[in-house]
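Peer 1:
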Amino acid sequence: MVTSDKSDSGCEKPVGSSIFDLPRDILYSGLLLIGLAGFMIWDQVYWWGDRDDYSFGYLVPLFAAYVLYDRWPILSSYLFNGARPRESMAANTPGVLSRILGGVAVAGFLSSLLLYGIGALLRAVTGPQNPASLAIAAGFAGITLSTVFIISRTRADGQPMPLLNRFSFVLLFLFPALIWLLSAPLVSVLETKVRVFLLTKVTIVVFNFLDLLGYQIERQGNVLILPVGQVGVEEACSGIRSLTACLFAGSFLAAVFLDRLWKKVALVGAAMILAVITNLMRSLFLTLWAYSYGSQSINDHWHLPLFGDIGSVHDVTGFAILGVTCLGLLVLLPIFNFKLEYIEDFDETADDESTTSVEKVEKVEKADDSA
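Numbering-wise, our numbering comes out as the position in the sequence shown, counting from 1, plus 75.
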């Protein structure tokens, strides 16, 4: 989009919507965020390479950059015009609520910067550790969202941006700001609790299902005793790997392909449910495989005629459930974007009727004026 201002001669000259036409405070804020993101990526690369359940992190910088690139037309419309395309362009003067929220944003920026600094200091002194990475990621999220709210107080032409538009502008940065919390490991204590909880639930479900089908099976903690040996459910994975990866995939698809916040939240929730269900199916399959071929058979490698060794039964099924979950999310996308045809027709009919009514009123007014 292009706005305009007046030169000394009284003629209007165009104001571009290029990134280089933005005010310096916005450009400097962008450079600050890029620098903080670069350090955070350097910190998280260790986990992406060291732990298989976080290897999807290599895609996070690319996907975050793509989301910003894809949303640039909308972002520029806010920065240069203060509203989305075709949205009301009326600006309002900052009120008491805007000033209060601005103070809250400044406080959030300072506290997030402190949290980021603590995490960076821990990283520099002690090396890679979960609390440091989590503090850096959480601090970056707070810095990004508070900075975006602060710099959106005025447009590129100096006019104040409406408060509701500022909130909408901040929402556009939710994915690039928060996705890093998924690509960094949780604090060890919290991660252990989540893993143990998932292990226990998976064990109970698998045991009850096989026992209901009449299989000879016993349960001791998270270990299933089979006639041919025993299988620890941790060998079938607790599901935390698929959960984090599916949350990442669901968040990206929601950010790119859905246009309503409730749809985005619903798709992320669906990703969690699909991850849990597919992991239960995988655990059940591996237990049945061990029941039929021995407890060590889940570590045997599968060989295909054209591809050769494709990995162990355990690993292949793990990647398979990730693929199934992603396919399930792709199937859900058209459903979330589906619109009933008769509703659209009704809207168009209503618009025609309203237009006709307006025209009738205008004709009556003109008749009165002429009289």
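We put the CB at the ideal spot given by N, CA and C, even for glycine.
Looking at C-alpha atoms only, which residue of 412, 268 and 357 is the closest neighbour of residue 397?
Peer 2: For the purposes of this step, residue 397 is taken as residue 322 along the sequence shown, with counting starting at 1. If we check each option's Cα against that of residue 397, 357 comes out closest.
Peer 1: Is DSSP giving residue 370 helix, strand or coil here?
Peer 2: Taking the sequence shown and counting its residues from 1, the one referred to as residue 370 is at position 295. Here residue 370 sits in coil by DSSP.
Peer 1: Starting from residue 186, follow the alpha helix (DSSP H) in both directions and report where the run begins and ends.
Peer 2: One-based indexing of the sequence shown puts residue 186 at position 111. 171-201 is the extent of the alpha helix (DSSP H) around residue 186.
Peer 1: Let me know the alpha helix (DSSP H) ranges lying completely inside the segment 273-360, each 4 residues or longer, listed in chain order.
Peer 2: Within the segment 273-360, the complete alpha helix (DSSP H) runs of at least 4 residues are 315-332.
Peer 1: Roughly how many angstroms separate the alpha carbons of residue 382 and residue 392, rounded to a whole number?
Peer 2: Translated into the one-based positions of the sequence shown, residue 382 becomes position 307. Translated into the one-based positions of the sequence shown, residue 392 becomes position 317. Looking at the two C-alpha atoms, the distance is approximately 16 Å.
Peer 1: Roughly how many whole angstroms lie between the Cα atoms of residue 333 and residue 326?
Peer 2: The sequence position of residue 333 within the sequence shown is 258, counting from 1. The sequence position of residue 326 within the sequence shown is 251, counting from 1. Distance between the alpha carbons of residue 333 and residue 326 is about 10 Å.
Peer 1: Pair every Cβ in the segment 187-204 with every Cβ in the segment 212-229, then say whether three or more of these pairs are closer than 8 Å.
Peer 2: The answer is yes - the segment 212-229 touches the segment 187-204, with three or more Cβ pairs under 8 Å.
Peer 1: Is DSSP giving residue 145 helix, strand or coil here?
Peer 2: Your numbering for residue 145 matches position 70 in the sequence shown. DSSP places residue 145 in helix when its eight states are reduced to three.
Peer 1: So for residue 379, helix, strand or coil by DSSP?
Peer 2: Here residue 379 refers to the residue found at position 304 of the sequence shown. Strand.
Peer 1: Please list, in chain order, all residues of the same chain as residue 425 whose beta carbon is under 6 Å from its beta carbon, the five residues on each side excluded.
Peer 2: Numbered from its first residue, the sequence shown carries residue 425 at position 350. Caution applies to residue 425, whose pLDDT of 42 falls short of 50 and renders its modelled position unreliable; the model cannot decide the point.
Peer 1: Pick from 351, 182 and 278: whose alpha carbon is nearest that of residue 222?
Peer 2: Here residue 222 refers to the residue found at position 147 when the sequence shown is read from its first residue. Checking every option, the nearest Cα to that of residue 222 belongs to 182.
Peer 1: Do the segment 339-356 and the segment 315-326 meet, that is, are 3 or more Cβ pairs less than 8 Å apart?
Peer 2: Yes: the two stretches touch, three or more of their Cβ pairs being nearer than 8 Å.
Peer 1: Helix, strand or coil: which one does DSSP assign to residue 227?
Peer 2: Position 152 of the sequence shown, counted from the start, is the residue given in the question as residue 227. Note: residue 227 maps to coil in three-state DSSP.
Peer 1: Name, in chain order, the residues that DSSP records as bridge partners for residue 384.
Peer 2: On the sequence shown, position 309 is the one that residue 384 refers to. Note: residue 384 sits in a beta bridge opposite 378.
Peer 1: To which residues of the same chain is residue 238 closer than 6 Å at the C-beta, ignoring the five residues directly before and after it?
Peer 2: The sequence position of residue 238 within the sequence shown is 163, counting from 1. 173, listed in sequence order.
Peer 1: Buried or exposed, going by whether 16 or more other CB atoms sit within 10 Å of the CB of residue 353?
Peer 2: As a position in the sequence shown, residue 353 is number 278, starting the count at 1. When all chains shown are included, residue 353 counts as buried.
Peer 1: Please state whether DSSP places residue 206 in a helix, a strand or coil.
Peer 2: Mapped onto the sequence shown, residue 206 falls at position 131. It is helical.
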